[in-house]
Amino acid sequence: MRRSIHYLEFLYCHLLIVFLIGRVGFVLNNRCVEQLSFLETLGACRRGLLGHDVVVAAMLLVVPWLAGLLALRFPSMRLRVWLVPYFVLMGIAVAAIVAGDAVLYEYWRFKLGMVVLSYASHSEGVTNSVSLSYILMRFGAFFSLALWTMLPCIFLTPKRLSAGRGERLWMRNVSIIWIFLVVSGLWFVRQGDVYGVGEKVLANHAAVNPVYAFASSVRTGDDLSGRYDLLPEPECSDLMRGLYPETGGDVCDTLLTTQRPDVLVVFMESFGSRFVEELGGLPGVAPGLSRMIPEGVFWENYYSNSFRTDRGTVSAFSGWLSYTDVGLMKHTEMHAELPSLPRSLEREGYETSFIYAGQMTNMGKRQYLENVGFRHLYDDTAFSADQASGSWGVYDSISCQKAVEVVGQWKGGHHFMVVQTLSSHEPWDVPYHRLDDKILNAFAYTDHSVACMVDSLRRLPQWDNLLVVMLPDHGYLYRQGYDDPGFFRAPMLWMGGALREPRRMDVLMNQSDLAATLLSQMGIAHDDYPWSRNVLSRKYTYPFVYCNWPAGLLFADSTGTSVYDLDGEVVITDRPADDGLRLLRAKAILQSSYDQLETMRRNASHTPSGKNLNHYDENP
Numbered sequence: 100m101r102r103s104i105h106y107l108e109f110l111y112c113h114l115l116i117v118f119l120i121g122r123v124g125f126v127l128n129n130r131c132v133e134q135l136s137f138l139e140t141l142g143a144c145r146r147g148l149l150g151h152d153v154v155v156a157a158m159l160l161v162v163p164w165l166a167g168l169l170a171l172r173f174p175s176m177r178l179r180v181w182l183v184p185y186f187v188l189m190g191i192a193v194a195a196i197v198a199g200d201a202v203l204y205e206y207w208r209f210k211l212g213m214v215v216l217s218y219a220s221h222s223e224g225v226t227n228s229v230s231l232s233y234i235l236m237r238f239g240a241f242f243s244l245a246l247w248t249m250l251p252c253i254f255l256t257p258k259r260l261s262a263g264r265g266e267r268l269w270m271r272n273v274s275i276i277w278i279f280l281v282v283s284g285l286w287f288v289r290q291g292d293v294y295g296v297g298e299k300v301l302a303n304h305a306a307v308n309p310v311y312a313f314a315s316s317v318r319t320g321d322d323l324s325g326r327y328d329l330l331p332e333p334e335c336s337d338l339m340r341g342l343y344p345e346t347g348g349d350v351c352d353t354l355l356t357t358q359r360p361d362v363l364v365v366f367m368e369s370f371g372s373r374f375v376e377e378l379g380g381l382p383g384v385a386p387g388l389s390r391m392i393p394e395g396v397f398w399e400n401y402y403s404n405s406f407r408t409d410r411g412t413v414s415a416f417s418g419w420l421s422y423t424d425v426g427l428m429k430h431t432e433m434h435a436e437l438p439s440l441p442r443s444l445e446r447e448g449y450e451t452s453f454i455y456a457g458q459m460t461n462m463g464k465r466q467y468l469e470n471v472g473f474r475h476l477y478d479d480t481a482f483s484a485d486q487a488s489g490s491w492g493v494y495d496s497i498s499c500q501k502a503v504e505v506v507g508q509w510k511g512g513h514h515f516m517v518v519q520t521l522s523s524h525e526p527w528d529v530p531y532h533r534l535d536d537k538i539l540n541a542f543a544y545t546d547h548s549v550a551c552m553v554d555s556l557r558r559l560p561q562w563d564n565l566l567v568v569m570l571p572d573h574g575y576l577y578r579q580g581y582d583d584p585g586f587f588r589a590p591m592l593w594m595g596g597a598l599r600e601p602r603r604m605d606v607l608m609n610q611s612d613l614a615a616t617l618l619s620q621m622g623i624a625h626d627d628y629p630w631s632r633n634v635l636s637r638k639y640t641y642p643f644v645y646c647n648w649p650a651g652l653l654f655a656d657s658t659g660t661s662v663y664d665l666d667g668e669v670v671i672t673d674r675p676a677d678d679g680l681r682l683l684r685a686k687a688i689l690q691s692s693y694d695q696l697e698t699m700r701r702n703a704s705h706t707p708s709g710k711n712l713n714h715y716d717e718n719p
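In terms of this note's numbering, the sequence shown has 588 at position 489, counting the first letter as 1, and numbering is strictly consecutive.
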């Protein structure tokens, strides 16, 4: 009887052990991300236990606690039978979150939340990135952890509880403790509470309880404007003044020989500065790009807005900021509210097309491209079955050659086309073997494919009026973290016969600034691009870059760089240290961008069905 009446203590200790096992597994599974010593791992376990686990375990046991109160009131109640379904569901949920967090962190570098699930829910994105054996091994770990979580809970719970005076007194005392722990978890616990001063990022993230992190990411309510109320509205407005100057026809530097070039954008998968020697990256990975840089206009301080393709696509072609937990690409109801390069150029008589030699179903890609004005779409069905042999579709060398063929068919008129590469992506299998490192070799293959494409374009008569813009959708975390500003820094290179002369541009700019800058060079108004800046304008007097990912923000200007962890509410990079103004401006932009997003959502809710759809031709 003594053992049965103390079942809640046993369940509580068991869940603490489950979280300890999950934390150690998290560290071991992510050794490739960052190495932790035994003492660092021990410190993460201690901080996580005292800061999160004791509270999360209590919250998970609220149902068994309430059931225990009922069992004391009704002695004939079969307590174990009533709690078995809950323990099964709890075991599956806890195991899925703990195992999913440990596995996905290797790719995402932030804690498991709703944002990750929005990507993982697209099965092609998961199955294309990893092998079947990898999936089976991780599923086996999940299944084992689920059994280990639920079975002891079931058998540690007594079949019935007696209703003696001692049992009632014990339950009263336990209830006081439980209420205290649950209230503490709901009102006072933060993710940053378990961070250690000066600790490695992995150690801090290992300390965070994954169930707590996941639950904290679940948003309630539809009002997006209140999602990040970080600053009083007057202060936010004051900080925003002058950051995104009003547009105007004031180009002070002309890079083109014509205002109506044909434009080919090469959107390179994950090709961040890490792989470009001229930007401080690894040598020898991108010799093709290194060869072309002296021949074109190279933007040395260009930064991607975000961390994934769907965010980068909207930033590049709609001149829009990215959001921490909202991907506009899949929100088709908002597409009509977005400006876009293809739509702006179509009004000037341009034919618009997009080549992506894979499936356009991931994250609403096809709908976005259709709705913002790309009239001709080429996907994997534009290629033969034997050509579509890569994990994500057709290899880059083939899709780049397709782009050359399409450009060669341009006769008269004006043309705007995007070719998006896809081979520099997990699982890194490419028909090219120059480098031993599988990841670097995949990027080398993309570089080789793009360089060969440009060489082929030079031999076409269309080259004389062609502007080729090469830029990535985002970076890739190769032996680095989000605290490294180099992740967001990226190469952008303009080539082609339409260029006036080779240049090196050192101005700070975001991916979202491409639209206004390019349109200004072409003498086209960009008044409908509120977040895109013409960086060659006389009004661009305060150069800065703003980037984000689901767990944080980056802001850089001439004074330095600040990186802020939104979940932990701590500054993780600040060099050189300033008076906090960089961080305040980053928070103001985040808050203002969500206010704008809420306005878009409300406008979209009043848009008649079908208004944002455009006619398009697929694989012409």
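Where a beta carbon is used, it is the ideal one built from N, C-alpha and C, also for glycine. On a predicted model such as this, the values are computed, not experimentally measured, just so you know.
Where tryptophan 398 is concerned, there is no enclosing alpha helix (DSSP H), although the beta strand (DSSP E) around it starts and stops at 396-402.
Here proline 571 carries a strand assignment [DSSP, helix/strand/coil]. For valine 517, the uninterrupted beta strand (DSSP E) segment begins and ends at 513-519.
Here threonine 672 is bridged, per DSSP, to Val662. Arginine 602 is bridged by DSSP to Val396. Taking the CA atoms as reference points, tyrosine 663 sits about 10 Å from leucine 683.
The straight-line gap separating the alpha-carbon atoms of arginine 557 and alanine 543 is approximately 21 Å. The Cβ atoms of glycine 380 and serine 372 sit closer than 8 Å to each other. Take the alpha-carbon of methionine 552 and the one of aspartate 605: they are about 26 Å apart.
Distance between valine 317 and glycine 212, taken at the CA atoms: about 8 Å. Per DSSP, the continuous beta strand (DSSP E) segment holding proline 590 begins and ends at 588-594. In this structure, DSSP gives aspartate 152 a helical state, which the three-state scheme calls helix. In this structure, arginine 465 keeps its C-beta atom at 8 Å or more from the C-beta atom of histidine 573. Look at serine 636 here: in three-state DSSP terms it is strand.
Between glycine 395 and tryptophan 593, the beta carbon gap of about 5 Å places them in contact (Cβ cut-off 8 Å).
The DSSP-derived three-state label of tyrosine 645 is strand. Under the DSSP assignment, valine 375 falls outside any beta strand (DSSP E); it carries neither an H nor an E label. If you keep only unbroken alpha helix (DSSP H) runs of at least 4 residues inside the region 128-193, you get 137-147, 153-159 and 161-172.
For serine 243, the closest alpha carbon among the candidates Ala198, Val281, Phe287 and Trp509 is that of Ala198. In summary, cysteine 646 is buried, with 16 or more beta-carbon neighbours lying within 10 Å of its beta-carbon over all protein chains present.
Around the beta carbon of glutamine 508, a 10 Å sphere encloses fewer than 16 other beta carbons of the protein chains shown; the residue is thus reported as exposed. For asparagine 308, the three-state secondary structure derived from DSSP is coil. Residue Ser661 holds the alpha-carbon nearest to the alpha-carbon of aspartate 677 among Gly383, Ser661, Val288 and Gln690. At a Cβ-Cβ threshold of 8 Å, phenylalanine 186 and methionine 249 count as neighbours. Contact annotation: the region 141-160 touches the region 284-296, with at least three C-beta pairs closer than 8 Å. Taking one beta carbon from each stretch, the region 290-300 and the region 164-174 have fewer than 3 pairs nearer than 8 Å; the two do not touch. When Asp528, Phe473 and Ser483 are compared, the shortest CA-CA separation from phenylalanine 515 is found for Phe473. By the beta-carbon neighbour count (other beta carbons within 10 angstroms, threshold 16), arginine 172 is exposed.
Isoleucine 278 counts as exposed, since fewer than 16 other beta carbons sit within 10 angstroms of its beta carbon.
For a cut-off of 8 Å, the C-beta gap from histidine 513 to aspartate 361 is around 6 Å, short enough to register as a contact.
Around arginine 602, the same chain offers Val396 as residues with beta carbons nearer than 6 Å, after the five sequence neighbours per side are excluded.
In the three-state scheme derived from DSSP, where H, G and I count as helix and E and B as strand, leucine 607 is classed as coil. DSSP places valine 365 inside the beta strand (DSSP E), whose first and last residues are 361-367. For aspartate 656, the enclosing beta strand (DSSP E) starts and ends at 651-656. By the neighbour-count definition (other C-beta atoms within 10 Å, threshold 16), tyrosine 477 is a buried residue. If you draw a straight line from the Cα of glycine 426 to the Cα of phenylalanine 654, it is about 20 Å long.
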